[in-house]
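Novice:
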Amino acid sequence: MTDKTIQHPPSTTGRPIIEVIGMHKWYGDFHVLADINLKVQEKERIVICGPSGSGKSTLIRCINRLEEHQRGQIIVDGIELTNDIKNIEKVRAEVGMVFQHFNLFPHLTIIENLALGPIWVRKTPKKKAEETAMMYLEKVKIAEQAKKYPGQLSGGQQQRVAIARSLCMSPRVMLFDEPTSALDPEMIKEVLDVMIDLAEEGMTMLVVSHEMGFAKRVADRVLFMDEGQIVEENNPHDFFDNPQHERTRLFLSQIL
Amino acid sequence: MNPQDSTATREYLKPPVTEVGVIGWVRQNLFNSLFNSILTLLALYGLYMTVPPLFKWAFVDSLWFSNAEACRDIEGACWSIIPENARFIFFGFFPEDQQWRSFTAMILLFSLVFYTQSRRNWNRALFPIWTCGLVVMGWLMHGGLGLPVVETSKWSGLPLTLMLSLFGMVGAYPLGILLALGRRSKLPAIKSLCVIYIELIRGVPLISMLFMSSIMFPLFLPEGINIDKVLRAQVAIILFTAAYIAEVVRGGLQAIPKGQYEAADSLGLNYSQAMRKVILPQALKIVIPPTVGILISAFKDTSLVVIIALYDVLKTTKVTLSNPQWMGFSSEAYLSLALLYFIFCYAMSSYSRKLEKALHTGH
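The listed protein sequences derive, respectively, from chains V and H.
Positions 1 to 256 (the numbering used here) are the ones given, in order, by the first sequence.
Positions 257 to 619 (the numbering used here) are the ones given, in order, by the second sequence.
1. Three or more beta-carbon pairs under 8 Å between the stretch 142–162 of chain V and the stretch 184–204 of chain V, yes or no?
2. Pairing CB atoms from the stretch 30–40 of chain V with CB atoms from the stretch 210–229 of chain V, are three or more of them under 8 Å?
3. Given a limit of 7 Å on CB to CB distance, which residues of the stretch 526–537 of chain H reach chain V?
4. CA-CA distance, Val-486/H and Thr-296/H?
5. How is the alpha helix (DSSP H) around Thr-204/V delimited, first residue to last?
6. I need the DSSP call for Gln-100/V, collapsed to helix, strand or coil.
7. What residue range is occupied by the uninterrupted alpha helix (DSSP H) comprising Thr-237/V?
8. Hey, how far is the Cα of Ser-421/H from the Cα of Asn-579/H?
9. Output, in chain order, the set of chain H residues within a Cβ distance shorter than 9 Å of His-101/V.
10. What is the C-beta distance between Leu-525/H and Trp-26/V, in whole angstroms, given that I count them as a contact (C-beta under 8 Å)?
11. So, is Phe-311/H buried or exposed, given that buried needs 16 or more other C-beta atoms within 10 angstroms?
12. Using the C-alpha atoms, what's the distance from Ile-330/H back to Trp-320/H?
13. Can Phe-467/H and Ser-412/H be called in contact, C-beta distance under 7 Å?
14. Is it right to say Asn-377/H is buried, meaning 16 or more other beta carbons lie within 10 angstroms of its own, or is it exposed?
15. If the criterion is Cβ atoms closer than 7 Å, does the pair Met-174/V and Met-205/V meet it?
16. Less than 7 Å between the beta carbons of Asp-484/H and Thr-408/H, yes or no?
17. So which residues of chain V does Gly-507/H contact, with C-beta pairs closer than 8 Å?
18. Taking the alpha-carbon of Arg-165/V as reference, which of Glu-144/V, Leu-192/V and Glu-130/V has the nearest alpha-carbon?
19. Can Phe-102/V and Asn-113/V be called in contact, C-beta distance under 7 Å?
20. Determine the direct distance from the alpha carbon of Ser-374/H to that of Ser-522/H, and round the result to whole angstroms.
21. Of all the CB atoms in chain V, is at least one closer than 7 Å to the CB of Leu-437/H?
22. I'd like to know whether the C-beta atoms of Met-393/H and Leu-416/H end up nearer to each other than 7 Å.
23. Kindly indicate the opening and closing residues of the alpha helix (DSSP H) around Asn-626/H.
24. Is the CB-CB distance between Ile-60/V and Asp-177/V below 7 Å?
25. Quick check on this structure: which residue in Leu-437/H, Ala-489/H, Ile-446/H and Arg-440/H has the alpha carbon closest to the alpha carbon of Leu-462/H?
26. Is the Cβ-Cβ distance between Tyr-136/V and Thr-109/V less than 7 Å?
27. From the DSSP output, in three-state form, read off Val-222/V for me.
28. Could you compute how far the alpha carbon of Ala-361/H sits from the alpha carbon of Leu-396/H?
29. Quick one: Cα of Asn-87/V to Cα of Leu-443/H, how far?
30. From Arg-439/H to Arg-506/H, what distance separates their C-alpha atoms?
31. Going along the stretch 59–80 of chain V in order, which residues come within less than 9 Å of chain H, judged by CB to CB distance?
32. Name the chain H residues whose beta carbon is nearer than 8 Å to that of Leu-116/V?
33. Check the C-beta distance from Ile-535/H over to Ser-470/H and give it rounded, since I have them as a contact under 8 Å.
34. To be precise: take each residue of the stretch 234–255 of chain V, compare its Cβ to all Cβ atoms of chain H, and keep it if any distance is under 9 Å. Which residues remain?
35. According to DSSP, which residues form a beta bridge with Tyr-27/V?
36. Considering only the alpha carbon of each residue, which of Ser-441/H, Phe-315/H and Leu-435/H lies closest to Ile-454/H?
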């Protein structure tokens, strides 16, 4: 695949990197996700939106098994997620995750946060891991903070570090769980800029977000979820200008 | 942001000057109302009545290095009981000509602790250093390989107290962590085993554990097999302290936000890596104050081994006091001993404060 520009849709041939087939999930008696079917091709960028409680975070948390699903299949990079812990760890090493609240490790410096995964999971030598870490810190424009602790950084800086931490594992897919929702308005842009750069480099991304500007600019597909189901799925142009479902229209009218 | 960094020009004022200086402080803190003034005066009177006589007893009329006879003629304190009996109080029944071994072992113990307390030395070398130190200490205390053997029943005094408590702590801490992790395990068998262990041990006084180890336990052993009494007491202390450590550590684990577990998991770290590198370093740091509380009380509780006829430093002092020559100087002896215990406990608690400060990373 040589396609690097944003406008061209990624190829739909070949094996999808993420495949969700007829997946259901319950919290106790509550049916959170119902019959989810989703195929994600390599280098595809998907934005998932929907009202709160619609199950969008739960969906992407199922993809790296932070949540268990009860029925259906989830196959990531050819590995089906089951109770097999070794398989789960393998999948998690290939799937980066960025959280709403950053979840940096407060007892480690920034550079140690970044090098932890490569050193212990990938068995990279410490020196090499730290070099890679510095490279990614430069990429998210925060290299001068390498020796500081997360508590000394602003929210936007912490979230950029969190993105760099995931990138250090050279993941094949990146999941973003509302990465800008906990940030002050002036810090949202610095995080989105990093994410846009990433998209332009061809990273496969699943982003739960209400940043519609971001969705319009980088998404190949936008999914709208409501009450645990994927209600509408379309390219951003049609999704925003010509939504098919009443619920999508209502949602868009409230947030735009 | 620092005021200096800001480009906006505005004045930064000093806080208003209120009453400052010594007189201000005294007025504000000691005589700020009629009731407080009365309390202050009463307290001053109380101090006047007690401190000078105490000072006179302890320092003016006292004897520090004399024999027992000289002490009979004075009104003050007879501190001489400690230096005169130092050998027996500190080393007990350890053979006199071999005493240097016990002494050297203690110096070695202190050196190890001193070496370990510096965070710069926390690395892989620590484990072999401790192993070597322990082997040498064991050899010095027990003998063999050219040194005459000293049975553990002769180990007594301060080395016994220090060894029981230090190895009690060193053994109980990791065991407690394992128990805490076990109690949070998803596997029902492991979880219930840990719960039963912790609750059983916490429901029993240390004295009964020591009794069990010294009287009941040997009954279950096959004929001819004998486990050393000091070792049994040591194990009882470790098992007992570990149950308390476990609950404190569990509290620390619960205080770690779920996001930390998820972030560690999502990097692909396995359970043991996530615990060692992410969760435990944070959880153990949070629970430093209560952990040190438990370790301090474990240190003091080692004096209970007296009931199974081990002669720790408290018991050797008591034995000294039963010597007719030195009878009646128990205040002096116990005060000195209290000071000894205080020095060790205070060292522990001030070290823990230092450690807390050093590990603080601004979150």
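In this text, a Cβ means the ideal position worked out from N, Cα and C, and glycines have one as well.
Please read all numbers here as calculations on a predicted model, not as lab measurements.
Specialist: Walking through what the data contain:
1. yes
2. yes
3. Asn-526, Gln-529, Lys-533, Val-534 and Pro-537
4. 52 Å
5. Unbroken run through Thr-204/V is the beta strand (DSSP E), 204–208; no alpha helix (DSSP H).
6. coil
7. As written in the sequence, residue 237/V is His, which differs from the Thr given in the question. That run of the alpha helix (DSSP H) goes 236–241.
8. 28 Å
9. Pro-513 and Gly-515
10. That belief does not hold up - the Cβ atoms of Leu-525/H and Trp-26/V are roughly 28 Å apart, past 8 Å.
11. exposed
12. 12 Å
13. no
14. exposed
15. yes
16. yes
17. The premise fails here: Gly-507/H is roughly 18 Å from chain V at the closest Cβ pair, so nothing lies under 8 Å.
18. Glu-130/V
19. no
20. 34 Å
21. no
22. no
23. Residue 626/H lies beyond the stretch modelled for chain H, which goes from 257 to 619, so this question has no answer here.
24. yes
25. Ala-489/H
26. no
27. strand
28. 6 Å
29. 19 Å
30. 8 Å
31. Arg-61, Asn-64, Arg-65 and Leu-66
32. Leu-523, Leu-525, Lys-533 and Val-534
33. With 8 Å as the limit, Ile-535/H and Ser-470/H do not qualify as a contact, their Cβ atoms being about 38 Å apart.
34. none
35. Phe-30/V
36. Leu-435/H
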